[in-house]
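Enquirer:
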Amino acid sequence: MRLLFLAVLRPHTGNAVTAQRVRAHLEAAGHVCVLKDAFDFESPSEIANLILAENCEAALALHLYRGGRLLQGHQIPFGIIFGGTDVNEDANQEEKNTVMGRVLEEARFAVAFTESMKEMAQAQWKARQISLAVTRAVPVQPHAKGKIYVQSQGIATTPNAAFNWNTFLQRSEINHSADNLHIFLLICGLRQVKDPLYLVDAFSEWHQEEPSVYLVIAGPEVDPVFTREVKAKVRRAAGVRLIGEMPQEDLHAVVKNCFAVVNSSVSEGMSAAILEAMDLEVPVLARNIPGNAAVVKHEVTGLLFSNPQEFVHLAKRLLSEPALEKEIVVNGREYVRRYHSWQVERHTYQQLIRKLEGSTED
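The opening residue of the sequence shown carries number 1 in the UniProt record's numbering; numbering runs sequentially from there.
1. Quick one: complete beta strand (DSSP E) runs, 3+ long, within the UniProt domain "Glycosyl transferase family 1" (177–334)?
2. DSSP has V150 in a bridge; who is on the other side?
3. Quick one: what's got a C-beta closer than 7 Å to L197's C-beta in the same chain, skipping five residues either side?
4. Quick test of your reading: H207 and L319, contact by CB under 8 Å. State the CB separation rounded to the nearest angstrom.
5. If we ignore side chains and look at the alpha-carbon of each, how far apart do I289 and I353 end up?
6. Between the C-alpha atoms of E54 and E345, what's the straight-line distance to the nearest angstrom?
7. Ignore the nearest five residues each way along the sequence and tell me which others in I274's own chain have a CB closer than 8 Å to its CB.
8. Distance, Cα to Cα, Q170 vs T85?
9. By Cβ distance, which residues of its chain are closer than 7 Å to L70, with the 5 residues on each side in sequence left out?
10. Please go through the same chain and pick out, in chain order, the residues whose beta-carbon is closer than 6 Å to the beta-carbon of C33, but skip the five residues on each side of it.
11. Per DSSP, C33 forms a beta bridge with which residues?
12. Is the number of C-beta pairs between the stretch 237–256 and the stretch 209–218 that are closer than 8 Å three or more?
13. Under 6 Å Cβ to Cβ from H298, same chain only, skipping five residues before and after it: list those, please.
14. Where DSSP assigns a beta bridge to I155, which residues make up the other side?
15. Since A29 and Q350 should fall inside the 8 Å C-beta cutoff, what is the C-beta to C-beta distance between them, to a whole number of angstroms?
16. Once the 5 residues before and after A253 are set aside, which same chain residues still bring their CB inside 7 Å of it?
17. For G83 versus H63, is the C-beta distance shorter than 8 Å?
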């Protein structure tokens, strides 16, 4: 089957990595997957031309709004994969919410990364249907019920064995001769929802007390205006470094060499960076938000913090309690192996894509 796959493909972002992994799953089953960046298209008519040109028989979209809205009305079956932005941000805007409800209604299937994401989606669009029934006297259509499947992200890490850690430290202007150097790595695209500046002041203050700790923020410059703000802030912050995007294999090597991986996002669907850190046996400190709490159990698979001061407290505790660090690492690795199997994810998508074959009644 020839499939059109729409996703946001900004390099070195979680969306791009997820899309490329799902494409590999589908192509392994013998499908041809035409992967395109949703941001390259402005209207469904452009997609109609693409479908004809590529002779696509079905489609898949990562994100209901960013990708799914472009697939409506083309008379080819499609499925969708929820992104964190869908349920955490876009669903709160009435116009986008309406569009996403229609996309969900037309889709043959939808994939959520977590049970909580599935429940939020079901509640969101059930409420919308009830509202329509009251205001417009239309029957309630439970179009999310029975259609949303939960499949957590499959994780496979491939650190570059030739990566030179000392060279990386030199380029990052980190004194790698410092005794007991501890690097805390925050991986995120530079945009407000990732809140990369959340910990900067508190961490910088800690670095002045303890010069061996550094916070390194790594990721692509997604929002140009916000990126300027981040750069200006980091430039003035002792012990905080900002590095650009890097190939996945090199990033995995950095993760493997750092002391801990940090997530300070305002909202998340499912952070691949957290799961990759667990897979690479590196401790995780994550902001206590629903998306993170779904994969990080406090003091079991990682540590959850609710404010910058608590982060510093927990980071110090992690440094001073090797037994806690070891327990978190062992539990995190086991959690990823058990619940984020790359092979299970492959099987799920290969089975779901069969729902796009044949007529609507199949």
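Note that CB positions come from ideal geometry on N, CA and C, so glycine has one too.
Predicted model, so just to flag it, every value in this text is computed and none were measured.
Expert: Reading it off the structure:
1. 182–187, 213–218, 240–243, 260–263, 284–287 and 303–305
2. A112
3. V230 and K233
4. Contact doesn't hold; Cβ gap of about 13 Å is too wide.
5. 31 Å
6. 27 Å
7. V261, N263, V284, A286, N292, V295, V296 and G302
8. 36 Å
9. L6, A38, F41, P44 and I47
10. L3, F5, R23, L26 and E27
11. L3
12. yes
13. L304
14. None; I155 has no bridge partner.
15. 4 Å
16. P159, N160 and F163
17. yes
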